[in-house]
Amino acid sequence: MVATASVPRVRFVRVRRGGSERRLAVLDPDTRDRYRELVARSAGAVEASLSEAVVANRVRAWRIEPTELRLRPWRAERRIFAARLLSLARQAEALAFADVRRCFASISPERVGEALRRLGVDVADELEGFLRALEPEGIRGLPVGPEPSAVLANAVLAPLDHALERAGVPHLRWVDDVVLASGDAEAALDLVRSALERIGLRVNERKTRVIADPAAIVSRSRVSPSR
2 MVATASVPRV RFVRVRRGGS ERRLAVLDPD TRDRYRELVA RSAGAVEASL
52 SEAVVANRVR AWRIEPTELR LRPWRAERRI FAARLLSLAR QAEALAFADV
102 RRCFASISPE RVGEALRRLG VDVADELEGF LRALEPEGIR GLPVGPEPSA
152 VLANAVLAPL DHALERAGVP HLRWVDDVVL ASGDAEAALD LVRSALERIG
202 LRVNERKTRV IADPAAIVSR SRVSPSR
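Okay, so the sequence shown: first residue is 2 according to the numbering used here, each after it adds one.
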């Protein structure tokens, strides 16, 4: 008998963007299609759970048979984010910026399963198992690159938005980048830290910053997420 090598379900490509390098996961067609199908079956519940403060990676359309999963156009979302952030800056005493440390890699299959079960998604266990099966292929957490990962990241991060809203802190979120408008920026950042810790994530302290004069941002009219 001649042994045949198994075909890997994942290959990785390195892409340079904005001076930094990212490792993107490219799934084989069967794995890609299964991922899309499972997340399409979750998309309605995920979207219904999201705050209006979440701008990026919102689902535009989804269907199970035949499978369809389409996100809103990236450039249009970027323009919306910039306009809403300028509006936030005009009203804020101070702005605080934070993001999640190694966000996708830190979102474990278990965290995805927990988030989806909380939303009543019937394929939560299947998706958790699907992601766990990718770990031997070299993927830690959510695979970076496939659009379904962005939908799942929003589901996991949704409790952060709700915690900020309950505390009355106006904010915007672009994937894992969060902008907070508050007279007490440090207290708002502590709230972000606490909310993230509850879902097993951490703030990237090196990229946390406070702008005490938001009017300066408005005058430049150049506002964007930190990456």
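We put the beta carbon where it would ideally sit given N, CA and C, even for glycine.
- With a contact defined as Cβ atoms closer than 8 Å, Gly146 and Val55 miss out at about 20 Å.
- For Ile212, there is no enclosing alpha helix (DSSP H); the enclosing beta strand (DSSP E) covers residues Arg210 to Ile212.
- In this structure the stretch 45-60 lies against the stretch 154-167, because at least three pairs of beta carbons, one per stretch, are closer than 8 Å.
- Cβ-Cβ separation between Val204 and Arg102: approximately 6 Å, consistent with a contact (criterion under 8 Å).
- In the DSSP annotation of this structure, the continuous segment of the beta strand (DSSP E) that includes Asp178 starts and ends at Asp178 to Ala182.
- Comparing alpha carbon positions, the residue from Ala213, Leu197 and Asp214 closest to Glu206 is Leu197.
- If you ignore the 5 residues before and after Ala213, its C-beta comes within less than 7 Å of the C-beta of Ala95, all in its own chain and listed in chain order.
- Per DSSP, Glu94 lies in no beta strand (DSSP E) segment and is marked neither H nor E.
- Where Glu129 is concerned, the enclosing alpha helix (DSSP H) starts and stops at Ala125 to Leu135.
- With a threshold of 16 other beta carbon atoms within 10 Å, Glu129 meets it and is buried.
- Here the alpha carbon of Arg141 sits roughly 14 Å from the alpha carbon of Arg23.
- Contact between the stretch 182-195 and the stretch 160-174 is present, with at least three C-beta pairs closer than 8 Å.
- If you draw a 10 Å sphere on the C-beta of Gly201, you find fewer than 16 other C-beta atoms in it, and that means exposed.
- The shortest C-alpha to C-alpha distance from Trp75 to any of Ala159, Arg61, Asp162 and Ser109 is the one to Arg61.
- For the pair Asp100 and Gly121, the Cα-to-Cα distance works out to about 28 Å.
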